[in-house]
Each structure stands twice: as C-alpha cells, then as structure tokens.
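The sequence shown begins at 765 in my numbering and counts up one residue at a time. Here the structure is laid out as structure tokens; the discussion comes afterwards.
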Amino acid sequence: MTLLFAFIGVVFIWGTTPLALQWSIDHVNFLFAVMTRMVLGLIICLVAYGITQNSIPLHKKAIFTYIAGGIGLFGAMTTTYWAAQFIPSGWISVIFGLSTIVTGIMAYFWLNEPFGLERWVGLVFGIFGLGIIFIQGTLSNSQQTVWGIVAMLFATLIYNASSVAVKKFGSTVPPLATTTGSLLVSVPCFFMSWFISDGQIPQLLTIKVASSIIYLAIMGSVVGFALYYYILQKMDASKAMLTTLLAPVVALFLGTTLNGEIVNIRIVIGTGMILMGLSVYQWGGILAAKLSRA
C-alpha cells in the first residue's frame, strides 16, 4: 500500500461520511445508528482476522493504544452523531478540519514536535474562520445549532487527543489491529449508551438509512480508520491530519448537491479562512524558507 493511496482514500472517505452520517440518523435514534455502525465494523474486523489467521497484538503498548483509540472513538463519535442532528453535514467536516491545528498543538506538548511562527499564524486564521461559522449559527436563531457547533469542537478535541496518544503508544501496532482493538474497547460503551437511552430497535429502516449505516461501518469504521492509522504511523501526527484540509471541500459539495444544504457567504468565508489557516500552518514555514533564500 502506498502512502499516497492511503491519503487519497482517507480524504474521500472523510469527505463522504458526514453526509452518510446524517442520512443514517434520519428518523432514527442517533445512538442506535452509531452503535450499529460500530458493531458491524467490529464484526468485519474480526472476520478479517479470522481469514488471515493473524493474532491481535496484546503487549503493553498495544493495550494502551487500544484504550486510547477506543476512548477517543466513543467520545468523538457519540458527540459527532449528536451534533449531526442540528448542523449541516458540511459543517461537520469543516469544523473537524481544525484537527490538523489541534493535533499540532497537542503533538508539540506530548511528542515534542515543532510548532513555529507559521503554525501560530495558521491557528489565528482557523480561530477567526471558526468564529465566523459560530456567528452564523448564532444568527440562525437556533440554540441547538450553536450547541451543535460546540459539540463538534468537543468531538474534535477528544479525537485529536486520542490520535496523538495512538501515535505515542502505537507506532509498532498494525493499523487493522489498532482499529480492531479500538472497536473492542468502544463497542461495549456504544451498546450501553444506546441501551440506557431507550434500547429500542427501529421497526423499519429505510433503504437510505440502512445503506448509510452499512457504508459507514465498512468504509468509515474499518477501511477509513485502518488507512488513517496507517498514515499516522508513516508521518508526523500533525501532517497525518492534513487529510482534513481537502475533506471539508468534498463534504460541502456533497451536502449542497445531494442534501440541499445552503452554503451562504458567511460559511464560505469562514471555511475559506479555516482552509487558509491550515495551508499556512502546513506550508508557511516552507514558503518562508524559500523566500529567505531568494
């Protein structure tokens, strides 16, 4: 598997999953949708291990990796599914796009990765862009929209803390093992959350809901995470999150064309500032070095 193929795969999957996520909770309890997705994903992972007859690593660092990944998966996905009830699918990907910067800050403190001036400039752009989107949510006169934005920010923080921890402990753990172990840790939490909330199985699932859950289970929970953990092992934690630079563009396009979501000028400006911040964050240092030598 080439790193480029994995990178493109993650961008495509993360660009399509926000819309599939919203479709999967159409008239369905969001906890049932996320629980079903993760259970199916775990079954697929276990079947894959059964076919290959490999064993899941259980050494100390692997256990820490699974716990870190599982906690992050449960916290981030539960919060994201709740937020998806109140904000457009494109917003989910745009806000999650800040992951690159959030991961960089965490990697600076936990992994001693550099955080130079250009990254601080990128952070400022990202904050301003997020502020514009937050203002749009406030002007929509919907308190639920504002809370949806806040929930997505919280999900981003949880997921990125988990990603940095996985990078710290799981450098030698195979990507599929990391995915499987994380699901083994998180699935009981997803199940208990659904059971405590109402524990009701929908009497009828539409084709759109069922196909969305299956797509998310296969591509989002298994293939997507396996590819992501693969590139996380092969490059810096902050660079691995560069996938979130392109995914928002894909998500906004799909949300507008397939889900009838309205993208007004504030969302365009806010998204543009976030993407600009991510670009400066990632390539500002390289550009500055070239200009200094010119």
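Even glycine gets a Cβ: it sits at the ideal position worked out from N, Cα and C.
Inset, instruction - Could you work out which residue in TRP855, VAL937, THR944, ILE831 is closest to THR781 when comparing CA atoms only? - result: The shortest Cα separation from THR781 among TRP855, VAL937, THR944, ILE831 belongs to TRP855.
Inset, instruction - Take the Cβ of LYS931 as the centre, count every other Cβ of all protein chains shown within 10 Å, and call the residue buried at 16 or more, exposed below. - result: It is buried - the Cβ of LYS931 has at least 16 other Cβ atoms within 10 Å.
Inset, instruction - Measure the C-alpha to C-alpha separation of GLN786 and GLN849 and round it to an integer number of angstroms. - result: Looking at the two C-alpha atoms, the distance is approximately 7 Å.
Legend entry - Inter-residue CB distance, ILE869 and PHE879 (contact presumed, cutoff 8 Å): ILE869 to PHE879, Cβ: 7 Å. Contact.
Legend entry - LEU1009 classed as buried or exposed, judged by whether at least 16 other C-beta atoms fall within 10 angstroms: Using a 10 angstroms sphere on the CB of LEU1009, the tally of other CB atoms reaches 16 or more, which defines it as buried.
Inset, instruction - Using alpha carbons as the reference points, say which of LEU837, GLY779, SER927, VAL792 lies closest to LEU1063. - result: Nothing about residue 1063 can be read from this structure; the chain reaches only from 765 to 1058.
Legend entry - Coil, strand or helix - VAL877 by DSSP: In the sequence as displayed, the identity of residue 877 is Glu instead of Val. Three-state result, GLU877: coil.
Legend entry - Assigned exposure category for LEU881 - 16 Cβ within 10 Å defines buried: Around the beta carbon of LEU881, fewer than 16 other beta carbons lie within 10 angstroms, which makes this residue exposed.
Inset, instruction - In angstroms with no decimal places, state the Cα-to-Cα distance between PHE771 and LEU991. - result: Roughly 8 Å separates the two Cα atoms.
Legend entry - MET916, buried or exposed, once every other Cβ within 10 Å from all chains shown has been counted against 16: With 16 or more Cβ atoms within 10 Å of its Cβ, MET916 is classed as buried.
Inset, instruction - List the endpoints of the continuous alpha helix (DSSP H) containing ALA974. - result: Residues 971-979.
Inset, instruction - Give a yes or no on contact between the stretch 936-956 and the stretch 821-836, applying the rule of three or more CB pairs nearer than 8 Å. - result: Yes, since at least three Cβ pairs between the stretch 936-956 and the stretch 821-836 fall closer than 8 Å, the two stretches touch.
Legend entry - Per-residue DSSP class, three states only, for THR936: The DSSP-derived three-state label of THR936 is coil.
Legend entry - Contacts around GLY1036, its chain only, beta-carbon distance under 8 Å, and the 5 residues preceding and following it disregarded: The beta carbon of GLY1036 is closer than 8 Å to those of GLY893 in its chain, skipping five residues each way along the sequence.
Legend entry - Cβ distance (whole Å) where VAL775 is taken to contact VAL937 below 8 Å: Taking 8 Å as the upper bound for CB-CB distance, VAL775 and VAL937 are not in contact here, some 23 Å apart.
Inset, instruction - Excluding the 5 residues preceding and the 5 following TRP874 in the sequence, name in chain order all residues of the same chain whose CB lies nearer than 7 Å to its CB. - result: These residues qualify, in order along the chain: VAL928, LYS932.
Inset, instruction - Could you check how far apart the C-beta atoms of ILE744 and ILE982 are, in whole angstroms? I think they sit under 8 Å. - result: Any question about residue 744 goes unanswered here, given that the chain covers just 765 to 1058.
Inset, instruction - Please report how far the alpha carbon of ILE896 lies from the alpha carbon of LEU795, in whole angstroms. - result: Each residue's alpha carbon lies about 30 Å from the other.
Legend entry - Closest Cα partner of GLY988 within the set PHE769, ILE777, GLN967, GLY963: Ranked by Cα distance from GLY988, the first of PHE769, ILE777, GLN967, GLY963 is ILE777.
Legend entry - For ASP962 and ASN793, believed in contact at Cβ under 8 Å, the rounded distance: In this structure ASN793 touches ASP962 by the C-beta definition: roughly 6 Å separates them, less than 8 Å.
Legend entry - C-alpha distance - VAL885 paired with LEU862, whole-angstrom precision: It is roughly 13 Å from the alpha-carbon of VAL885 to the alpha-carbon of LEU862.
Inset, instruction - Would you mind stating whether ILE913 and ALA871 have Cβ atoms separated by less than 9 Å? - result: Their beta carbons are not under 9 Å apart, which means ILE913 does not touch ALA871 by this criterion.
Inset, instruction - Report the residue from GLY1041, MET1040, ARG1030, VAL1044 whose alpha carbon sits nearest the alpha carbon of PHE898. - result: That would be ARG1030, whose Cα lies nearest to the Cα of PHE898.
Legend entry - Counted within 10 angstroms of its Cβ, other Cβ atoms place MET956 as buried (16 or more) or exposed: When all chains shown are included, MET956 counts as exposed.
Legend entry - Rounded straight-line distance, which links the Cα of ILE978 to that of MET799: Each residue's Cα considered, the two are about 12 Å apart.
Legend entry - Secondary structure of GLN907, DSSP reduced to three states: Correct three-state label for GLN907: helix.
Legend entry - Assigned secondary structure, GLN997 (DSSP; H/G/I helix, E/B strand, else coil): The answer is helix: DSSP assigns GLN997 an H, G or I state.
Inset, instruction - Give the secondary structure of PRO966 by DSSP, where H, G and I count as helix, E and B as strand, and everything else as coil. - result: DSSP places PRO966 in coil when its eight states are reduced to three.
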